[in-house]
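Student: For what it's worth, UniProt numbering labels the leading residue of the sequence shown as 1, then goes sequentially.
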Amino acid sequence: MIWRSVVGKLWGTILLLVSAVLVLLTVLLLQFFERFHITEAEEQLTNHANVMVSLLERYNDPEGALDTVEHMADSYNSSVVIIQNGNQWEYPDEEAGVNLPVSLFEDEPRLAPVQRDRETVTTHGNFSARENGEQRQQEIFVVGVPFVSTEGEEGSLYLYQSLDIIEDTTGETKQIILLSAGIAIILTTVFAFFLSSRITAPLRKMRELALNVSKGDFETKVPIMTNDEIGQLGNAFNKMRRELNRNITALNQEKEQLSRILTSMADGVITVDRKGSIALTNPPAHYFLQSYHYETGAPEPQDRLPKEVKKLFQKVVTLEEEQWIEMDVQGRSYVVLMTPLYDEEFVRGVVAVIRDMTEERMHDKLRKDFIANVSHELRTPISMLQGYSEAIVDDVAGSEEEKQEIGRIIYDESMRMGRLVNELLDLARMEAGYTQLERQWINVESFADKVFKKFQGPARDADVNMQLDKRLDRDYAYFDPDRVEQVMTNLIHNAIRHTGDNGEVQVIVKSDASEMSVDIEDTGSGIQEEDLPYVFERFYKADKARTRGNGGTGLGLSIAKNIVEAHDGEISARSRTDKGTIFRFTIPASAEEE
């Protein structure tokens, strides 16, 4: 609405102010002119009465003087009453039609001083008069003047006139004043609207540009038309716009730089506000939260901290000091370092740095266990070769069958050592980047069926229910079939071997335009949480007893990881003790051949 705008408010203020001044001035002028007309009529009537009295006092001919007074009364539109020695002369104004009885002038207290004290009396008020034959109260102005004729006789002359004549004059003056005030108000309204519109036009333009600035448009400038305060305001607005543009550009650059730094950091970063809600996370921190929620089996709200981190947050806010804790999530070791963020002296939140210490601890552990692992893997076949060789040298085997049995054991152990050495060589070659892949376009469905059929017999022997789930949006993928089959063979064999009777192993193969993924899920014993981070390391076995009954050298998963990474893919493992394990690997479905 216009009354809510600056134009309406300024227009209304000017109009109200001018109207108040005009109303006050009109009232004062009306009162002034009313008093002025009354005073003017009083002076005029008094002068006329004095002139008539002068005639009566100077003329030697009384009859002629009375005729002259009558003519003067007619010309003055007044009525005259003369009282002298009991005689009364009355000359009413026939045009006005107002006639006061002669007895009124003798009995009226307000006119008594004229005859009694011989004083001039001027008065006006309500008198009972006859007007057009009717008796009624009327406003009449009366002047009474005493006189002495040439014969020395005393008398009184009363000249009276109706105030209707004065009111008519006052009414005309009032009309002129009211008309002038009305014209002044109309002109003021037009002028105030024009003035307010002209003054506020730059303000409206600045309002429009301010809305554009709030939407991110910093290019439009306010046109400067004047050099007054509004022009200076426009200059200040343009300067503010330039400064805002520069500051926002700098903030955006800093924000982008900070985002890139956080994204590229190996450590996780979580920013938490005063209420404990997560405000910002980077990818490592997001992975930490996902792993925690997966381990606890809880949903994954983006603004909820883990219980341990929440307690640490409350401690930091209370003590306003840096605090840290260690956490184990999905078998990985994390150190959470939390520092308060200050808004001057007020703690407005905290920042938590989450460092994955698994690699460091794993390297320490592997460095300690490497010699033991290699010694264990080589000591058993070497001891058996040595023992059975001594049996042959000492001619312990008496029969030919015993010699063949000893020779077969020596052969098996030597083959086992050969496989170990070959796997070590393959692994070393892969880690050095010398893996040769024979990639080709492979029908994913046929490939999955082929691998699945290979394990149906072992699954039946182990009393394991094995299922294949194919979810293919694309029929072909580009990879080395022998190497990928080696990966799947290792993962499926491990799943069957660690799944008990009546267990289930499910192979889920997915393929779309971007990647091919394979999930091997089992309902077996699972992997201990502390072992989960190390399953892809060389020689690592979750079986601490290192029994030969379970077979394997501890290199299969490490080789699988290198094969997948050679395809520019990823492999991961998730597990819960006594609930099963999920191995998942993905490779690009349309990688270009090198």
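Where is the CB? At the ideal position from N, CA and C, for every residue including glycine. Bear in mind that the values here come from a model prediction, so they are computed numbers and not experimental data.
DSSP on L159, reduced to helix/strand/coil?
Tutor: Note: L159 maps to strand in three-state DSSP.
Student: Drop a sphere of 10 angstroms on the beta-carbon of V143, count the other beta-carbons inside from all chains shown, and report buried for 16 or more, exposed for fewer.
Tutor: V143 is buried by the Cβ-count criterion.
Student: Does S511 pass the burial test, meaning 16 or more other C-beta atoms within 10 Å, or should it be called exposed?
Tutor: Looking at its Cβ environment, which holds 16 or more other Cβ atoms inside 10 Å, S511 is buried.
Student: Pull the bridge partners of T122 from the DSSP assignment, please.
Tutor: T122 is bridged to V143.
Student: Just reading off the alpha helix (DSSP H) that T489 is part of, what are its end residues?
Tutor: Its alpha helix (DSSP H) spans residues 481-497.
Student: Give a yes or no on contact between the segment 285-298 and the segment 318-325, applying the rule of three or more CB pairs nearer than 8 Å.
Tutor: No, the segment 285-298 is not in contact with the segment 318-325.
Student: Name, in chain order, the residues that DSSP records as bridge partners for residue 670.
Tutor: There is simply no residue 670 to check, as the chain begins at 1 and stops at 594 in what is shown.
Student: Looking at the structure shown, is A266 part of a helix, part of a strand, or coil, going by DSSP?
Tutor: Reduced to three states, the DSSP call for A266 is coil.
Student: From the DSSP output, which residues share a beta bridge with S575?
Tutor: In DSSP, S575 forms a bridge with T581.
Student: Can you give the beta carbon distance from V336 to V309, rounded, assuming they're within the 8 Å contact cut?
Tutor: About 6 Å; that satisfies the 8 Å criterion.
Student: By a C-beta neighbour count over all protein chains shown, 10 Å radius and 16 as the cutoff for buried, is K453 buried or exposed?
Tutor: Flag for K453 reads exposed.
Student: Suppose contacts are defined by Cβ-Cβ distances below 9 Å. Is N465 in contact with G418 by that definition?
Tutor: It is not a contact, given that the beta carbons lie outside the stated cut-off.
Student: Any idea what DSSP makes of N77, helix, strand or coil?
Tutor: Looking at N77 - three-state DSSP - the assignment turns out to be coil, as it is neither helix nor strand.
Student: Judging by CA-CA distance, which residue of L17, Q84, T122, A112 is the nearest neighbour of H48?
Tutor: Nearest of L17, Q84, T122, A112 to H48, Cα basis: T122.
Student: Assuming I382 and I270 form a contact by the criterion Cβ under 8 Å, report the distance between their Cβ atoms to the nearest whole angstrom.
Tutor: Not confirmed; about 52 Å, so no contact.
Student: From F218 to P202, what does the alpha carbon distance come to, in whole angstroms?
Tutor: Answer to the nearest angstrom: the Cα atoms are 18 Å apart.
Student: Between the alpha carbons of A391 and I406, how many angstroms are there, rounded?
Tutor: The straight-line gap from Cα to Cα measures roughly 8 Å.
Student: Could you spell out the range, first to last residue, of the beta strand (DSSP E) harbouring Y342?
Tutor: Taken as a continuous stretch (DSSP letters only), the beta strand (DSSP E) holding Y342 covers 332-343.
Student: With distance defined between alpha-carbon atoms, name the residue in L30, W89, V484 nearest to E172.
Tutor: Comparing Cα-Cα distances from E172 to each of L30, W89, V484, the minimum goes to L30.
Student: Expressed to the nearest angstrom, what Euclidean distance is found between the alpha-carbon atoms of Y342 and R348?
Tutor: If you take the alpha carbons of Y342 and R348, they lie about 6 Å apart.
Student: Pick from Q467, S590, Q115: whose alpha carbon is nearest that of I514?
Tutor: Residue 514 is actually Ser in this sequence, not Ile. Closest by alpha carbon: S590.
Student: Between the Cα of L66 and the Cα atoms of S78, Y76, T523, V53, which residue gives the shortest distance?
Tutor: Comparing Cα positions, the closest option is V53.
Student: If you follow the alpha helix (DSSP H) that L312 is part of, which residue opens it and which one closes it?
Tutor: That run of the alpha helix (DSSP H) goes 307-319.
Student: Determine the DSSP secondary structure at K221, reduced to helix, strand or coil.
Tutor: Looking at K221 - three-state DSSP - the assignment turns out to be coil, as it is neither helix nor strand.
Student: For P588, which of helix, strand or coil comes out of DSSP?
Tutor: In this structure, P588 counts as strand in the three-state DSSP scheme.
Student: So, using beta-carbon positions, are T586 and H498 closer together than 9 Å?
Tutor: No, the pair does not count as a contact, with Cβ atoms beyond the cut-off.
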